[in-house]
Amino acid sequence: MADLGLGAAFADLVWRERVAADVAECRAMLKENSKTFFAASLMLPKTVREPASALYAFCRMADDAVDLDTGATKAGKSAAVDQLRERLELVYAGRPVDQAPDRAFSEVVSYFNIPRALPEALLEGFQWDAEERRYQAFSDVTAYAARVAASVGAMMSILMETRGANALARACDLGVAMQFSNIARDIGEDARAGRVYLPLDWLAEEGIDVDVWLADPKFNGAIGRVVARLLAEADKLYSRVAAGVAVLPKGCQPGINAARYLYSEIGREVERAGMDSVSRRAIVPSKVKAKLLAKALIGPPPSASLNLPVLEECRFLVDAGAIVAEEIPATQSAYVEPEWWNLEARVVWLIEFLKRMEQLDRKQTGKTLA
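Residue numbers for the sequence shown follow our numbering, beginning at 3 and rising by one.
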């Protein structure tokens with residue numbers, strides 16, 4: 003077979019019935035449980051969408067294994083993380099557990115040469131969740147976001163065959179920003195589960211006793227100011243991402259812009275609610291999503307330099323990805339532009355996408371904390 007590049011190698015791989023079935027199962031899982039990613043992934047070319055689905059399905063499975071059973075003890079959650087580490091060991095050994103996310107992810111890490119340090123960082127973040135850690139300083143929250151979100155951003159950059167250190171740094175910026183948006187959106191949901199991800203020193207500056215507030219979490223001006231502060235930090239990072247998107251393969255840019263815009267809009271919805279994400283959960287309306295997706299298809303020019311400092315909390319991720327980049331022959335970095343990426347296809351896709359989003363939104367109707 004001719005050398006078609008890593009993305010094309012995976013596309014060629016999926017003709018095998020077993021792998022194709024695994025990817026289909028992964029996408030079905032994501033359509034039900036990771037709606038925002040599923041929506042953005044529809045804008046990615048198949049050569050990236052397929053392996054990205056395997057990656058996200060493995061991450062989703064791992065997150066659920068630790069987080070869904072809110073009644074589990076710390077020891078039980080830590081045991082779940084230990085089991086995930088064993089599963090990751092088997093993934094990299096080429097002997098994955100007999101489940102679709104593990105099998106598909108094993109193929110992805112092999113074909114794309116994903117450094118093990120990246121998914122290991124994700125599991126370390128899950129271990130912190132299992133320990134029910136609280137984070138004293140903003141840097142500590144950023145270190146957590148680096149593990150549970152920027153690690154995935156770095157892996158996505160590798161799937162899109164964009165492996166330069168600066169590009170990886172911008173991918174990490176996006177991951178951290180998205181996690182900040184998630185934290186700001188889920189203040190009330192987390193509090194009712196006894197969890198807090200906001201910096202403790204920020205809360206202390208506002209005169210908030212964390213344990214007292216967690217006993218009866220209600221929105222107030224002090225909490226609102228902390229949420230606003232976190233969203234401001236997220237916006238700083240979102241503004242750094244455009245330059246990184248600009249160096250991605252053209253067929254990938256709309257999908258990553260879509261994720262960027264959709265998650266950033268979560269912050270705008272929180273703002274429209276007066277920063278109250280305690281008594282309600284921000285959901286981006288379908289009409290707003292449609293406008294953001296149209297904007298993502300067009301793609302604005304970069305608004306910042308690619309050559310910005312890496313977040314110190316993410317440096318270990320960038321270093322891991324950069325090492326792999328040096329090991330991959332240049333002949334393997336070619337990206338195959340999808341033939342369907344033309345204006346007519348964009349219009350057709352947008353119409354079909356809006357139909358899908360309407361169906362998904364109907365399922366969310368009446369669910370304030372779903």
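Cβ atoms here follow ideal geometry from the backbone N, Cα and C, with glycine treated the same way.
Looking at residue i: is its Cβ nearer than 7 Å to the Cβ of residue j?
| i | j | result |
| --- | --- | --- |
| residue 265 | residue 159 | no |
| residue 55 | residue 83 | no |
| residue 2 | residue 256 | The requested residue 2 is not part of the displayed model; the chain covers only 3 to 372. |
| residue 254 | residue 157 | no |
| residue 229 | residue 208 | no |
| residue 292 | residue 271 | no |
| residue 167 | residue 320 | yes |
| residue 107 | residue 60 | yes |
| residue 316 | residue 148 | yes |
| residue 267 | residue 286 | yes |
| residue 1 | residue 294 | Here the chain has residues from 3 to 372 only, and residue 1 is not among them. |
I need the boundaries of the alpha helix (DSSP H) containing residue i, first residue and last residue.
| i | result |
| --- | --- |
| residue 200 | Per DSSP, residue 200 belongs to no alpha helix (DSSP H) and is neither H nor E. |
| residue 267 | 255 to 274 |
| residue 126 | 119 to 132 |
| residue 52 | 48 to 69 |
| residue 433 | Absent from the model: residue 433. The displayed extent of the chain is 3 to 372, so no value can be given. |
| residue 142 | 140 to 147 |
| residue 394 | Because the chain here runs from 3 to 372, residue 394 falls outside it and cannot be looked at. |
| residue 252 | No alpha helix (DSSP H) holds residue 252; DSSP gives it neither H nor E. |
Around the Cβ of residue i, are there at least 16 other Cβ atoms within 10 angstroms (buried) or fewer (exposed)?
| i | result |
| --- | --- |
| residue 47 | buried |
| residue 192 | buried |
| residue 116 | buried |
| residue 153 | buried |
| residue 120 | buried |
| residue 79 | buried |
| residue 75 | exposed |
| residue 188 | buried |
| residue 17 | Interpretation of residue 17 is limited by its pLDDT of 39, a score under 50 that renders its predicted location unreliable; the figure taken from the coordinates is listed afterwards. So residue 17 counts as exposed. |
| residue 194 | exposed |
| residue 218 | exposed |
| residue 340 | Bear in mind that the predicted position of residue 340 carries a pLDDT of just 37, short of 50, making it unreliable; the figure below should be weighed with that in mind. When all chains shown are included, residue 340 counts as buried. |
| residue 222 | exposed |
At a cut of 8 Å, does the segment 130 to 138 reach the segment 96 to 107 through at least three beta carbon pairs?
By the C-beta criterion, the segment 130 to 138 is judged not to be in contact with the segment 96 to 107, since fewer than 3 inter-stretch pairs fall below 8 Å.
Do the segment 214 to 230 and the segment 175 to 182 make contact, defined as three or more Cβ pairs closer than 8 Å?
No, because fewer than three Cβ pairs between the segment 214 to 230 and the segment 175 to 182 fall closer than 8 Å, the two stretches do not touch.
Stretch pair the segment 162 to 173 + the segment 235 to 254: three plus CB contacts closer than 8 Å
Segments in contact, yes.
I'd like to know if the segment 31 to 39 and the segment 85 to 100 are in contact, where contact means that at least 3 CB-CB pairs between them fall below 8 Å.
With a cut-off of 8 Å, the segment 85 to 100 and the segment 31 to 39 do not count as touching, because too few Cβ pairs lie within range.
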